[in-house]
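The block underneath contains the structure these notes are about, expressed in structure tokens.
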Amino acid sequence: MRGRRRLAPPGNGLPDYISAMSAPRQLTEMRLPDLGYNAYLCRYSEIALKGRNRASFERAAVANLKRLLEGLPLSVRRERGRVFLQPEPPGDTLTAGVVEALRRQTAKCFGLVSGSPAFLTAPELPAIEAAVDRSFGAVCAAVAAQLGEGMPIPYAMRARRSEHRLGMTSREIEIHFADRLLTRHPCLRVNLDNPLLRVEVEVRREHAFVSYERFPGPGGLPACTAGRVMVLLSGGIDSPVAAYLTMRRGGAADFVTFHSAPYTPPATVEKVARIVRILREFQGEGTLYAVNLAEPQKLIRDRCSERFRTVLYRRLMLRVAAELARRREAAALVTGDSLGQVASQTLANLAVISAATPMLVLRPLIGAEKRETMDLARSIGTLAISEEQVPDSCTVFAPANPVTKAPLPLVEAQERRLPPPDELTRLALAQTTRVNVDTLETGPLPPDPAAAADTGRD
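In my numbering, the protein residues as written are -8 to 449.
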């Protein structure tokens, strides 16, 4: 149906990573006609708790929003507690296509909890009444047509104010408009717990907003506001979700993946690059490094007990990732580990693997159920890629019966059969490239800034 948009989040194509928890409950999926809105109101919640740092978080959210909306004919304005968008040139209305683009792009903007196409008007009662009167008839008719003739429309009236200029409390505003609408539209039935239709009025210092649709956002903190992290990214299901969750809390993610060419095909790295392309939509940046572990893996295969191979691989991966993180001035590593999911993720083995580096290791999925992780991966768009059957470095020389509770002294004894850890790390870094995720072209690892500084002092 041209020019019509969905009102309720379930089943409407919006990613589930924004979760129905951040949207009002709805009975079913509904669609509204193109109403000629002249603004789009964006809301955030956690940013408002940031005290003195609030302004910097707001600026970061606005900057990310502008990046996501680049090319759309919109201006962005920021008021305390709200961001709203207006069409350019002033006086235009938002087309159905622009509203649809806003709905999808704001769903990728960390820090926003919801967005609504709205009528922006003066913060005065007659102006607000006029905005409701002009639009509500079309809204009510559209909902009634989809419910069926004679069916009551469950609705709720919601009001919010940040100014007292109307001389009414929020509750009084709700009662005023509820009485007005119920008198004129007898098909309405008040349902505050599970409304199909929400009428929202928000009164602020310079403007008022009237809206009927609320699209959920991802929540969290604005992108790249919490410091840099290095994500160990495989082609599997879990690590992209761990990356997403860390990014949603403001982590600025770079990525490192491991392959074992020629024992693994080029598709191993290409698959991860496609995943990174999706993840970068949320933060606008992020470098991918590809590390060839084939030579260190052969040393482990030839010199160490088979049962310890996976743990030894993982410890080496952490050391290499930590060195890359240091060069990128990242404060932590991120993995997709989930407690007890596979042999290397038992509590004992996680402790032994973590002991390989003093760097902080974040594990956002440590208590997640696989079904939850898969649902989230599907929502953010990485699941289909992750499910493609492509070999990775962990399958190369994989042990038949990996140890599930590796004692650290025994693991360290195994490592003494190998070149020193720093030497193995340098060997892996010598086989590391930087990957352009758009073109799949690779380039050499940039020189270590610390080493260059030391050379300069000499």
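We treat Cβ as the ideally placed atom computed from N, Cα and C, and that holds for glycine. Computed from a predicted model, the values in this text were never measured in an experiment.
- Taking Val74 as reference, the option from Leu103, Arg219 and Arg94 with the minimal CA-CA separation is Leu103.
- Classified as exposed, Asp184 has fewer than 16 neighbouring CB atoms from the shown chains inside 10 Å of its CB.
- For Met221, DSSP records a beta bridge to Asp245 and Leu324.
- In the DSSP assignment, the residues bridged to Val194 are Arg152 and Ala199.
- DSSP places Cys131 within a helical segment (H, G or I) once states are collapsed to three.
- The C-alpha of Ser384 is placed about 23 Å away from the C-alpha of Met350.
- Counting the other CB atoms within 10 Å of its CB gives Lys262 a total of 16 or more, which places it among the buried residues.
- Cβ-Cβ separation between Met221 and Ala347: approximately 14 Å, too far for a contact (criterion under 8 Å).
- Ala234 and Val181 have their alpha carbons spaced roughly 42 Å apart.
- For Tyr304, same chain residues with a beta-carbon under 8 Å away, outside a window of 5 residues either side, are Leu284, Gln288, Ile291, Ser384 and Cys385 in chain order.
- Contiguous alpha helix (DSSP H) elements confined to the region 56 to 123 occur at 87 to 97, taking only those with 4 or more residues.
- Boundaries cannot be given for Pro213, as no alpha helix (DSSP H) includes it and DSSP labels it neither H nor E.
- Cys33 sits in a strand when the DSSP states are folded into three classes.
- If you compare the alpha carbons of Ala419, Tyr203 and Met142 with that of Ala122, the shortest gap goes to Tyr203.
- Contact between Pro209 and Lys57 is absent: CB atoms are separated by about 17 Å, not below the 8 Å threshold.
- Here Leu431 is exposed, its C-beta having fewer than 16 other C-beta atoms within 10 Å.
- Contact between Gly275 and Ser377 does not hold, since the beta-carbon distance rounds to 22 Å and is not under 8 Å.
- About 13 Å separates the beta carbons of Leu307 and Leu324, which is beyond the 8 Å limit, so they are not a contact pair.
- In its chain, beyond the 5 residues on either side, Val220, Val222, Ala244, Val325, Leu353 and Pro355 have a beta carbon closer than 8 Å to the beta carbon of Thr237.
- Taking the Cα positions, Pro186 is about 6 Å away from Ala147.
- Between Pro410 and Ala52, the alpha-carbon positions lie close to 47 Å from each other.
- With respect to the 8 Å criterion, Phe168 and Val192 are classified as neighbours on the basis of their beta carbons.
- Listed in chain order, the beta strand (DSSP E) runs fully inside the region 260 to 287 are 279 to 283, counting runs of at least 3 residues.
- The region 105 to 125 makes no contact with the region 41 to 51; the number of CB pairs closer than 8 Å stays below 3.
- Under the three-state reduction of DSSP, Thr174 is assigned to helix.
- Classified as buried, Thr97 has 16 or more neighbouring CB atoms from the shown chains inside 10 Å of its CB.
- Rounded to whole angstroms, Ile266 and Thr373 show a C-alpha spacing of 6 Å.
- The beta-carbon separation of Val194 and Leu157, rounded to 6 Å, stays under the 8 Å limit for a contact.
- In the three-state scheme derived from DSSP, where H, G and I count as helix and E and B as strand, Phe388 is classed as coil.
- Linking Leu188 to Ala30 through their CA atoms gives a straight-line distance of about 19 Å.
- Non-local C-beta neighbours of Ala135 in its own chain, meaning closer than 8 Å and more than five positions away in sequence, comprise Met142, Ile144 and Cys178, ordered along the chain.
- Gln405 is classed as buried because its beta carbon has at least 16 other beta carbons within 10 Å across all chains shown.
- DSSP places Pro435 in the uninterrupted beta strand (DSSP E) bounded by Thr433 to Pro435.
- Taken in chain order, the complete beta strand (DSSP E) segments of 3 residues or longer contained in the region 404 to 428 are 423 to 426.
- The closest CA to that of Arg149, considering only Ala334, Asp170 and Ala264, is found on Asp170.
- With respect to the 8 Å criterion, Arg22 and Ala118 are not classified as neighbours on the basis of their beta carbons.
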